[in-house]
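Q: Going by our numbering, the first residue of the sequence shown is number 33, and it counts up by one from there.
Take this structure, written in structure tokens, and hold onto it; I'll ask about it next.
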Amino acid sequence: MDHDTPLGGCRPRRVPELRLNLRALDHNVQLMAAWCRDQDIELAPHIKTTMTRPIVERQMAAGAWGVTVATVTQADSALEWGVRRVIIANQVIHRADLALIRRRLDEMPGLEVYCFVDSLSGVGLARSAMDGAPHSLRVLIDIGADGCRTGVREPAAAVDLATAVQASPGLLLAGVAGYEGVRPNLRDAATLTDVDEHCRKALAVFHHLTPLFETAHPVFSMGGSAFPDRVVHVLAEATPHRGDLPMVPVLRSGCYVTHDHGTYEHVSPLPGLSAALTVRAVVLSTPEPGHAVVGAGKRELPYDAGLPVLVSAHDAQGLPRPATTATATQIYDHHLVLTEAYGLHVGDEVDLGISHPCSAFDRWPDITVVDDQGRAREVWHPQFHGSQ
Numbered sequence: 033m034d035h036d037t038p039l040g041g042c043r044p045r046r047v048p049e050l051r052l053n054l055r056a057l058d059h060n061v062q063l064m065a066a067w068c069r070d071q072d073i074e075l076a077p078h079i080k081t082t083m084t085r086p087i088v089e090r091q092m093a094a095g096a097w098g099v100t101v102a103t104v105t106q107a108d109s110a111l112e113w114g115v116r117r118v119i120i121a122n123q124v125i126h127r128a129d130l131a132l133i134r135r136r137l138d139e140m141p142g143l144e145v146y147c148f149v150d151s152l153s154g155v156g157l158a159r160s161a162m163d164g165a166p167h168s169l170r171v172l173i174d175i176g177a178d179g180c181r182t183g184v185r186e187p188a189a190a191v192d193l194a195t196a197v198q199a200s201p202g203l204l205l206a207g208v209a210g211y212e213g214v215r216p217n218l219r220d221a222a223t224l225t226d227v228d229e230h231c232r233k234a235l236a237v238f239h240h241l242t243p244l245f246e247t248a249h250p251v252f253s254m255g256g257s258a259f260p261d262r263v264v265h266v267l268a269e270a271t272p273h274r275g276d277l278p279m280v281p282v283l284r285s286g287c288y289v290t291h292d293h294g295t296y297e298h299v300s301p302l303p304g305l306s307a308a309l310t311v312r313a314v315v316l317s318t319p320e321p322g323h324a325v326v327g328a329g330k331r332e333l334p335y336d337a338g339l340p341v342l343v344s345a346h347d348a349q350g351l352p353r354p355a356t357t358a359t360a361t362q363i364y365d366h367h368l369v370l371t372e373a374y375g376l377h378v379g380d381e382v383d384l385g386i387s388h389p390c391s392a393f394d395r396w397p398d399i400t401v402v403d404d405q406g407r408a409r410e411v412w413h414p415q416f417h418g419s420q
């Protein structure tokens, strides 16, 4: 299947439809790239957000250091698209996944693949798969937070892991990683304090392990789109003369690329990001005053981080309905219920802004790429499950 397709004039429009504003997307890519340059930090965008080749190509062209993925399948897609530096933000333990990584490292000179480890068992499995490999898998020690996701909880465990990686042929101890986004996506004082403490903990481990690293430029990587400024703050606080330290600081933010009308609209510290995603759907029913039912639901709309919001509406002929208001209150498999809905009629089309873009792209085989006037220009195809 082609990964991007010019939109032919005969292609019939269907709703619901995921729509991507190209100007907003390009603006976000350039804004984040410029912000990272200003902060003297590298960006390996987490492309699990979109897994869409034309988007990743834009991120790389804007100067991304590499990309981040969640799975080996996603990593293999990135390699197919020409990326040659990939962080797999997980511990890779499955034999087939490790065998594929080893094969790709053998096939592609200059390829750098990083993965996380947080257990001696994980190190052992990676060692078994990579032993004798001519090109090593680079390993980042994963620093976690109590009660949250992966990662070692105590610095002493990080030292044990680092020592085990050093003793493993086929593995290279290449740095430290953490994830500050395990905290709630809020910017209250308590949350920011927790985020800063987690970043300081990961950075302290990095400093402690510096003599053990086996690469000339070890990586210190944090991720998430809610708190990149706190990562930069802690780095500046702890390493005011960062050039004196052999470190490559790498952010793994991903949601910035399309932003949203919900979670990241409220917490992103980067001013000027534009919401680039909407879902267009039709009003199916207005069964009572102030009540409308739209033909899109859980199969089409993210709902894990809040229900969609009404952005705009127009009638079946495309004429705008500027006075329309509505609030999403209930979602079903293929229906969204709007209450306090005024100015909507059966057959109208609505554009819905979504929250949390990571839960949007994987619902859609096609993305309609539009210009600022809403005219469809291309169709792009997310690729979450390997080659298609």
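Glycine is no exception: its CB is placed at the ideal position from the N, C-alpha and C atoms.
Excluding the five sequence neighbours on either side, which residues of its own chain have a C-beta within less than 8 Å of the C-beta of A56, listed in chain order?
A: In the sequence shown, counting from the first residue as 1, residue 56 sits at position 24. Only T290, H291, S306, A307, A308 meet the Cβ criterion.
Q: Would L277 and S253 qualify as a contact pair, given that the criterion is a beta-carbon distance under 9 Å?
A: For the purposes of this step, residue 277 is taken as the residue at position 245 of the sequence shown. For the purposes of this step, residue 253 is taken as the residue at position 221 of the sequence shown. No, they are not a contact pair.
Q: Are the stretch 385-397 and the stretch 334-344 in contact at 8 Å, needing three or more beta carbon pairs?
A: A contact exists between the stretch 385-397 and the stretch 334-344.
Q: Have a look at A234 and A158 and give me their C-alpha separation to the nearest angstrom.
A: As a first step, residue 234 is located in the sequence shown; it is residue number 202 there, counting from the start. As a first step, residue 158 is located in the sequence shown; it is residue number 126 there, counting from the start. Approximately 23 Å, taken between the alpha carbons.
Q: At what residue ranges does the stretch 229-302 contain a whole run of the beta strand (DSSP E), taking only runs of 3 or more?
A: Segments of the beta strand (DSSP E) lying fully in the stretch 229-302: 251-254, 280-283.
Q: For D228, which residues of its own chain have a beta-carbon under 8 Å away from its beta-carbon, when the five flanking residues on both sides are left out?
A: Counting from one through the sequence shown, the residue named residue 228 turns up at place 196. Excluding positions up to five away in sequence, the list reads R262, H265, V266.
Q: Using CA atoms only, rank isn't needed, just tell me which of I79, S257, A194 is closest to E212.
A: Against the sequence shown, residue 212 aligns to sequence position 180. It is S257 whose Cα lies nearest to the Cα of E212.
Q: Please report the residue range of the alpha helix (DSSP H) in which W67 lies.
A: Here the question's residue 67 lines up with position 35 in the sequence shown. Unbroken alpha helix (DSSP H) run through W67: 54-71.
Q: How many angstroms separate the CA atom of Q405 from the CA atom of V343?
A: Counted from its first residue, the sequence shown places residue 405 at position 373. Counted from its first residue, the sequence shown places residue 343 at position 311. Roughly 14 Å separates the two Cα atoms.
Q: Report yes if the C-beta distance between E246 and L204 is below 9 Å; otherwise report no.
A: Here residue 246 is taken as the residue at index 214 of the sequence shown, counted from 1. Here residue 204 is taken as the residue at index 172 of the sequence shown, counted from 1. Result yes, Cβ atoms of E246 and L204 sit closer than 9 Å.
Q: Buried or exposed: which applies to V118, given that a residue is buried once 16 or more other Cβ atoms fall within 10 Å of its Cβ?
A: Here residue 118 is taken as the residue at index 86 of the sequence shown, counted from 1. Buried.
Q: Helix or strand or just coil, what does DSSP make of M33?
A: Along the sequence shown, one-based indexing puts residue 33 at 1. Note that M33 scores 40 on pLDDT, short of 50, meaning its location in the model is unreliable and no value can be drawn from it.
Q: Less than 7 Å between C-beta atoms, sequence neighbours within five positions excluded: which residues of the same chain meet that for Q62?
A: Start at 1 with the first residue of the sequence shown, and residue 62 comes out as number 30. Excluding positions up to five away in sequence, the list reads A94.
Q: Counting only the same chain and skipping the five closest in sequence on each side, list residues whose C-beta sits under 6 Å from that of A196.
A: Position 164 of the sequence shown, counted from the start, is the residue given in the question as residue 196. Correct list, in chain order: L152, V155.
Q: Report the CB separation of V47 from V314 in whole angstroms; it is logged as a contact under 8 Å.
A: Counting from one through the sequence shown, the residue named residue 47 turns up at place 15. Counting from one through the sequence shown, the residue named residue 314 turns up at place 282. V47 to V314, Cβ: 5 Å. Contact.
Q: For H230, does the count of other Cβ atoms within 10 angstroms reach 16, so buried, or fall short, so exposed?
A: Along the sequence shown, one-based indexing puts residue 230 at 198. Its Cβ being crowded by 16 or more others within 10 Å, H230 is buried.
Q: Does the contact criterion of 3 or more C-beta pairs under 8 Å hold for the stretch 64-76 versus the stretch 362-380?
A: Flag = no, the stretch 64-76 and the stretch 362-380 do not touch.
Q: Using 8 Å as the Cβ pair cut-off and three pairs as the minimum, do the stretch 321-328 and the stretch 363-372 touch?
A: Output reads yes: the stretch 363-372 touches the stretch 321-328.
Q: Quick check: L193 and V149, are their CB atoms within less than 9 Å of each other?
A: On the sequence shown, residue 193 is found 161 positions in, with the first residue counted as 1. On the sequence shown, residue 149 is found 117 positions in, with the first residue counted as 1. Closer than 9 Å, so yes.
Q: Taking only the alpha-carbon atoms, compute the straight-line gap between G179 and T223 and give it to the nearest angstrom.
A: The sequence position of residue 179 within the sequence shown is 147, counting from 1. The sequence position of residue 223 within the sequence shown is 191, counting from 1. Using only the alpha carbons, I get a separation of about 15 Å.
Q: May I have the straight-line CA-CA distance separating R170 from T359, to the nearest angstrom?
A: Here residue 170 refers to the residue found at position 138 of the sequence shown. Here residue 359 refers to the residue found at position 327 of the sequence shown. Distance between the alpha carbons of R170 and T359: 48 Å.
Q: Cβ of I73 within 9 Å of Cβ of P301?
A: One-based indexing of the sequence shown puts residue 73 at position 41. One-based indexing of the sequence shown puts residue 301 at position 269. For I73 and P301, no; Cβs fall outside 9 Å.
Q: Am I right that L423 and R136 are in contact with their C-beta atoms under 8 Å? What's the rounded C-beta distance?
A: With the chain covering only 33 through 420, there is no way to say anything about residue 423.
Q: Closest to A216 by CA distance: which of A165, V237, A177 is it?
A: Position 184 of the sequence shown, counted from the start, is the residue given in the question as residue 216. The residue asked about is misnamed: residue 216 is Pro in this sequence, not Ala. The residue with the shortest Cα to Cα distance from P216 is A177.
Q: Which class does T359 belong to by DSSP, given the choice of helix, strand or coil?
A: Counting from one through the sequence shown, the residue named residue 359 turns up at place 327. In the structure shown, T359 sits in a strand (DSSP, three-state: E or B).
Q: Can you have a look at Y296 and say buried or exposed, based on whether 16 or more other CB atoms are within 10 angstroms of its CB?
A: Your numbering for residue 296 matches position 264 in the sequence shown. The residue is buried, with at least 16 neighbouring Cβ atoms inside 10 Å.
Q: Which residue from V99, M92, L316, P86 puts its Cα closest to that of K80?
A: Residue numbering aside, residue 80 sits at position 48 when the sequence shown is read from its first letter. Nearest C-alpha to K80: V99.
Q: Closest to M162 by C-alpha separation, out of S200, I175, G210, T182, would be which residue?
A: For the purposes of this step, residue 162 is taken as the residue at position 130 of the sequence shown. It is S200.
Q: Do I173 and V208 have their beta-carbon atoms positioned less than 9 Å apart in this structure?
A: Position 176 of the sequence shown, counting from 1, holds the residue named residue 208. Position 141 of the sequence shown, counting from 1, holds the residue named residue 173. Cβ distance < 9 Å, so V208 and I173 count as in contact.
Q: Relative to the C-alpha of V124, which residue among E139, R116, D138, A107 is closest?
A: Within the sequence shown, numbered from 1, the residue matching residue 124 stands at position 92. The residue with the shortest Cα to Cα distance from V124 is A107.
Q: Which residues does DSSP pair with Y374 in a beta bridge?
A: Within the sequence shown, residue 374 is the residue found at index 342, counting from 1. DSSP lists T357 as partners of Y374.
Q: Could you tell me which of L132, T105, V115, T356 sits nearest to V88, measuring between CA atoms?
A: The count along the sequence shown starts at 1 and reaches residue 88 at position 56. Answer by Cα proximity: V115.
Q: Span of the beta strand (DSSP E) holding S344?
A: Here residue 344 corresponds to residue number 312 of the sequence shown, with the count starting at 1. Its beta strand (DSSP E) spans residues 341-346.
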